[in-house]
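Peer 1: Shown below is the structure under consideration.
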Amino acid sequence: MKYSIGIGTFLHRFENYFKPLMHDLSNLNPNVDKFVFVNGQHKENFNEDYRKEIMQFVSHCPNTYLVVSPIFRGCSYMWNTCVNYTKTDYILLLNDDIKVLPNFFHDYESMLVEN
């Protein structure tokens with residue numbers, strides 16, 4: 145069964161939330177596709193240094209694809225964009241501030257099989 149993950153993030157969450165989540169996801173299941181929506185800042189110009197930093201970081205994360213918005217978008221817009229990019233039957237949409245436990249993928253896959 146093929147599924148992918150969509151994740152929304154933005155500048156001020158990079159170090160404390162996004163990076164740890166991506167490390168955990170990649171360590172638990174490096175083969176799952178991850179679509180990351182990088183949101184622009186609210187009422188500010190897009191930070192080009194941040195774009196370079198996140199692109200550099202993600203280049204080392206297997207099966208991870210970026211969509212970068214230069215302007216602020218709402219949560220539903222971010223998630224819908226991730227859904228539009230995936231080609232899998234299932235997509236798990238996550239905020240970048242969650243913590244995944246070691247059994248995360250096993251539990252998620254079990255739910256998909258039951259349905």
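In case it helps, this note's numbering puts the sequence shown at residues 145 to 259. Backbone N, C-alpha and C fix where the C-beta goes; we use that ideal spot for every residue, glycine too. Keep in mind that this is a model prediction, so the values were computed, not measured.
(1) What three-state label does DSSP hand Thr230 in the structure shown?
(2) First and last residue of the alpha helix (DSSP H) that includes Val244?
(3) Using only the alpha-carbon positions, how far apart do Asp193 and Met255 sit?
(4) Return the residue from the list Leu165, Lys163, Lys178 that minimises the CA-CA distance to Tyr229.
(5) Start and end of the beta strand (DSSP E) containing Leu210?
Peer 2: From the atom records:
(1) Position 86 of the sequence shown, counting from 1, holds the residue named residue 230. Residue state, collapsed to three classes: coil.
(2) Walking along the sequence shown from the start, residue 244 turns up at place 100. Counting along the chain, no alpha helix (DSSP H) covers Val244, and no H or E run does either.
(3) Along the sequence shown, read from residue 1 onward, the residue named residue 193 stands at position 49. Along the sequence shown, read from residue 1 onward, the residue named residue 255 stands at position 111. Going from the Cα of Asp193 to the Cα of Met255 covers about 40 Å.
(4) Position 85 of the sequence shown, counted from the start, is the residue given in the question as residue 229. Looking at the Cα atoms, Lys178 is the closest of the given residues.
(5) As a first step, residue 210 is located in the sequence shown; it is residue number 66 there, counting from the start. First-last of the beta strand (DSSP E) with Leu210: 208–212.
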